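Those sequence lines, one after another, are chains A and B.
The letter at position 302 of the first sequence is residue 301 when you use numbering that gives the first Met the number 0, and the numbering goes up by one with no holes.
The letter at position 233 of the second sequence is residue 232 when you use numbering that gives the first Met the number 0, and the numbering goes up by one with no holes.
Think of the CB as a built atom: it goes at the ideal place given N, C-alpha and C, for glycine as much as any other residue.
What you are looking at is a predicted structure, and each value in this text was computed from that prediction instead of being measured.
Protein chains: 2
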Amino acid sequence: MTHIQQIKQYLPWAQTPLIINAPMSGAATSKLAVAVTRAGGLGHIGFLDDKKMLNTELEKAKRQLSDMAVTNGTLPIGVGVIVFGSPVSQWLSLFAAYKPAVVWLSFGTSREFQGWTEGIRGVSPDTKIWIQVGSVAAALDTARVCQPDALVLQGNDAGGHGHASGASIISLLPEVSDVLCKHRMSRIPLIAAGGIVEGRGVAAAIMLGAAGVVMGTRFLAAEETNLPPEYREAIINAVDGGVSTVRSRVFDETWGPSPWPVLYDGRCLRNASYDDVAAGIPMQEVVRRFHLRLRKGQEELDIKDSGSVWAGTGVGLVKKVEDAASIVNQVRLEAARRLEKGTSLDTHV
Amino acid sequence: MTHIQQIKQYLPWAQTPLIINAPMSGAATSKLAVAVTRAGGLGHIGFLDDKKMLNTELEKAKRQLSDMAVTNGTLPIGVGVIVFGSPVSQWLSLFAAYKPAVVWLSFGTSREFQGWTEGIRGVSPDTKIWIQVGSVAAALDTARVCQPDALVLQGNDAGGHGHASGASIISLLPEVSDVLCKHRMSRIPLIAAGGIVEGRGVAAAIMLGAAGVVMGTRFLAAEETNLPPEYREAIINAVDGGVSTVRSRVFDETWGPSPWPVLYDGRCLRNASYDDVAAGIPMQEVVRRFHLRLRKGQEELDIKDSGSVWAGTGVGLVKKVEDAASIVNQVRLEAARRLEKGTSLDTHV
Numbered sequence: 000m001t002h003i004q005q006i007k008q009y010l011p012w013a014q015t016p017l018i019i020n021a022p023m024s025g026a027a028t029s030k031l032a033v034a035v036t037r038a039g040g041l042g043h044i045g046f047l048d049d050k051k052m053l054n055t056e057l058e059k060a061k062r063q064l065s066d067m068a069v070t071n072g073t074l075p076i077g078v079g080v081i082v083f084g085s086p087v088s089q090w091l092s093l094f095a096a097y098k099p100a101v102v103w104l105s106f107g108t109s110r111e112f113q114g115w116t117e118g119i120r121g122v123s124p125d126t127k128i129w130i131q132v133g134s135v136a137a138a139l140d141t142a143r144v145c146q147p148d149a150l151v152l153q154g155n156d157a158g159g160h161g162h163a164s165g166a167s168i169i170s171l172l173p174e175v176s177d178v179l180c181k182h183r184m185s186r187i188p189l190i191a192a193g194g195i196v197e198g199r200g201v202a203a204a205i206m207l208g209a210a211g212v213v214m215g216t217r218f219l220a221a222e223e224t225n226l227p228p229e230y231r232e233a234i235i236n237a238v239d240g241g242v243s244t245v246r247s248r249v250f251d252e253t254w255g256p257s258p259w260p261v262l263y264d265g266r267c268l269r270n271a272s273y274d275d276v277a278a279g280i281p282m283q284e285v286v287r288r289f290h291l292r293l294r295k296g297q298e299e300l301d302i303k304d305s306g307s308v309w310a311g312t313g314v315g316l317v318k319k320v321e322d323a324a325s326i327v328n329q330v331r332l333e334a335a336r337r338l339e340k341g342t343s344l345d346t347h348v
Numbered sequence: 000m001t002h003i004q005q006i007k008q009y010l011p012w013a014q015t016p017l018i019i020n021a022p023m024s025g026a027a028t029s030k031l032a033v034a035v036t037r038a039g040g041l042g043h044i045g046f047l048d049d050k051k052m053l054n055t056e057l058e059k060a061k062r063q064l065s066d067m068a069v070t071n072g073t074l075p076i077g078v079g080v081i082v083f084g085s086p087v088s089q090w091l092s093l094f095a096a097y098k099p100a101v102v103w104l105s106f107g108t109s110r111e112f113q114g115w116t117e118g119i120r121g122v123s124p125d126t127k128i129w130i131q132v133g134s135v136a137a138a139l140d141t142a143r144v145c146q147p148d149a150l151v152l153q154g155n156d157a158g159g160h161g162h163a164s165g166a167s168i169i170s171l172l173p174e175v176s177d178v179l180c181k182h183r184m185s186r187i188p189l190i191a192a193g194g195i196v197e198g199r200g201v202a203a204a205i206m207l208g209a210a211g212v213v214m215g216t217r218f219l220a221a222e223e224t225n226l227p228p229e230y231r232e233a234i235i236n237a238v239d240g241g242v243s244t245v246r247s248r249v250f251d252e253t254w255g256p257s258p259w260p261v262l263y264d265g266r267c268l269r270n271a272s273y274d275d276v277a278a279g280i281p282m283q284e285v286v287r288r289f290h291l292r293l294r295k296g297q298e299e300l301d302i303k304d305s306g307s308v309w310a311g312t313g314v315g316l317v318k319k320v321e322d323a324a325s326i327v328n329q330v331r332l333e334a335a336r337r338l339e340k341g342t343s344l345d346t347h348v
């Protein structure tokens, strides 16, 4: 069985290339997840560190997708979980009640992932466990310890939190693929994330060996995404994604000591706090200036100055607000067209 | 005319997908360039900041490739030039004498590139000018000012010197492509560099819109590359390329104040000096420790400790020393096979 056949067994509605929205906390709610799944992708609800709120989103998704109920009784969406700081025991009842098709675990050690994997498989055996990692070592370790149903490989281009230092999917995917093969674990499908915003990136990820492709930044411009208008505007206006976004821990640290393990930082649109840090200003003063800007901003908020707009290097390719179904269908079509051209692909001038 | 047809007009021996070795200073000499060109790729001699030495390499290449003389009289290889700090006037006689098929300009402002472009086109009108950039803004500016025959887009995964902060080719290529199209300069072919070491990466780059693909790190393991055995061994042994390599200016600064513009740093295998910097040790002390290690190393040199092994994130995929022709042929074949599969590409488990 191929990886895609394997995935289609539990995501029977999915069309290929499989498009997945990143489980962006707060931004990817049931509204986005439902729209992406309905368009033949895999919709994800981002983690909400409040059980009642996540319950509400799952309930909404269940109601809206009742006509799509999958044979094994799973809810045809995925749910993201940020593992560090979240004791699995508190969350199991939610997964037992809603049985999402996929739970996407992220930001944990392989032991933490193991606890979550076993816990979820215990209460909802048909839920598939996808685990996000950002290095070859983490992929191998996690594959061995957890036997996940898929590994999500997050490259350095990704917006939001991720490995502070790492490769893009260009080398990460092939190296993980080879290492899993060497250790007889090539049955595990790989999902690519980071820097992919349109059909060319999706086609490239497929060539690298991905069985599915995640887009985060592109969906920030989806109508169904929960994002303040000025954030969406900043996303649409940003150009030159490798320059206008930067990786740093400052985007968390302006709010006080960051709870994030030191392994991780995050990619945001470059803002005034980042510029302060880059100029060598001590953190205490960076924070003071940040709060001054925040107070000033109560009259007229300049989010580019004081906000943290999480975005990946593909942000320069995001040009307009669209509904999620249009994004999914268009990207899938663009990718399929390029893949069909194959060796004969050559831009006519 | 397509981009590839355009390139084949001046590289008639080239086979597609076009494989190019990075002009790695010191490592890519005539021996490597000749072997890559003979295998149907585009061989490059790296820049040597000594006219006599570069002359010697060009003379060797000319002698060895005399049977391959191209109709317009160009020498069927490329030559890399590091532009900052190199006055064009001092180098023109060399390009006038040897007329390389391609001169690959790197690390300059668009104005510096312009001086070089006009200078070379003046003395060798059939030489094509390729210019390496690492951001969308630099690509657009350079395209406008220089009208290069190709832009080489270097992503963040690349080994050696490059933009300190930037996107990988996953988003860089599509964004540059769209911006050039918008400004009616889509006739300029794009060449992808950074993180590509084998067929999957090459196929991905083609999907992203590349007309040719550069590999540096992979060729560090080529028999024809000029590299001390312990450096080659470090390349072969390195795994988890996004973790074992890091970007930093320390790899230059241990030798004294770096002449490199602040825009750039370099990607190397992580070494003791990098770890010192990461631990917050002041630069003066980092340099002192480096020289202590160097002296100690005269008995038994530990290059992982004291050396700067320039390498990209693809280093974990480089597993053995091979001749350059085998690398070129194998990578081209792997890429072509994947591209042929196109939409039906799906790993069988």
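Only D239, G240, G241, V242, V245 from the stretch 239-272 of chain B bring a Cβ to less than 7 Å from some Cβ of chain A. The residues S109, R110, F112, Q113, in chain order, have a CB closer than 8 Å to that of V144 of chain A in the same chain once the five nearest residues on each side in sequence are set aside. At a cut-off of 7 Å, the C-beta of V213 of chain B has no neighbouring C-beta in chain A. Taking the C-beta atoms as reference points, A95 of chain B is found no nearer than 7 Å to G198 of chain B.
When rounded, the separation of the alpha-carbon atoms in T141 of chain B and M67 of chain B is 32 Å. Scanning A:Q8, A:A21, A:T55 for the CA closest to the CA of I195 of chain A turns up A:A21. From the beta-carbon of D156 of chain A, the residues of chain B found nearer than 7 Å are A166, S167, I169, S170. In the pairwise beta carbon analysis, the stretch 200-211 of chain A is classified as not touching the stretch 159-166 of chain A: fewer than three pairs are separated by under 8 Å.
Approximately 6 Å separates the beta-carbon atoms of I187 of chain B and P147 of chain B; this is inside 8 Å, confirming the contact.
Counting only residues of its own chain and dropping the five nearest sequence neighbours on each side, V135 of chain A has a CB closer than 8 Å to the CB of L171, E174, V175, V178.
Chain-order list of chain B residues neighbouring A202 of chain A: M206, by C-beta distance under 7 Å.
Going by C-alpha positions, N71 of chain B is about 26 Å away from V82 of chain B. DSSP places G211 of chain B in the strand class (E or B) of the three-state scheme. Residues of the stretch 132-150 of chain B with a C-beta atom less than 7 Å from some C-beta of chain A are S134, V135, A136, listed in chain order. Fully enclosed beta strand (DSSP E) runs of no fewer than 3 residues occupy 127-132 of the stretch 108-133 of chain A, in order along the chain. Ranked by Cα distance from Y263 of chain A, the options A:V276, A:H290, A:Q131, A:Q329 are led by A:Q131.
Listed along chain B are S170, each with a C-beta nearer than 7 Å to that of V196 of chain A. In this structure V101 of chain A is in contact with G77 of chain A, their Cβ atoms being roughly 4 Å apart against a cut-off of 8 Å. G79 of chain B does not reach chain A, its nearest Cβ partner there being about 22 Å away, counting only Cβ pairs nearer than 7 Å. Listed along chain A are N155, G165, A166, S167, I169, S170, L171, E174, each with a C-beta nearer than 9 Å to that of T312 of chain B.
At a cut-off of 7 Å between beta carbons, G341 of chain A contacts chain B.
As summarised for the stretch 30-93 of chain B, the continuous beta strand (DSSP E) elements at least 3 residues long and confined to that stretch are 74-81, given in chain order. The Cβ-Cβ distance between G341 of chain B and E339 of chain A falls below 7 Å.
Annotated as distal: G193 of chain A and A149 of chain A, with beta-carbon spacing of 7 Å or more. The straight-line gap separating the alpha-carbon atoms of P281 of chain A and L268 of chain A is approximately 21 Å.
The beta carbon of G315 of chain A falls within 7 Å of a beta carbon belonging to chain B, placing the residue at that interface. Counting only the Cα atoms, W90 of chain B lies some 11 Å from L47 of chain B. A distance of 7 Å or more separates the beta carbons of G215 of chain A and L17 of chain A.
With contacts defined as CB atoms closer than 7 Å, L57 of chain A and P75 of chain A fail to qualify as a contacting pair.
Nearest C-alpha to S325 of chain B among B:R292, B:E223, B:R248: B:E223. With respect to chain B, the C-beta atom of L338 of chain A has a partner C-beta closer than 7 Å. Under the three-state reduction of DSSP, Q14 of chain A is assigned to coil, being neither helix nor strand. D274 of chain A sits in a helix when the DSSP states are folded into three classes. In the DSSP assignment, D148 of chain A falls outside any alpha helix (DSSP H) and carries neither an H nor an E. Going by DSSP, I190 of chain B is part of the beta strand (DSSP E) stretching over 189-192. In this structure the stretch 236-248 of chain B lies against the stretch 305-315 of chain B, because at least three pairs of beta carbons, one per stretch, are closer than 8 Å.
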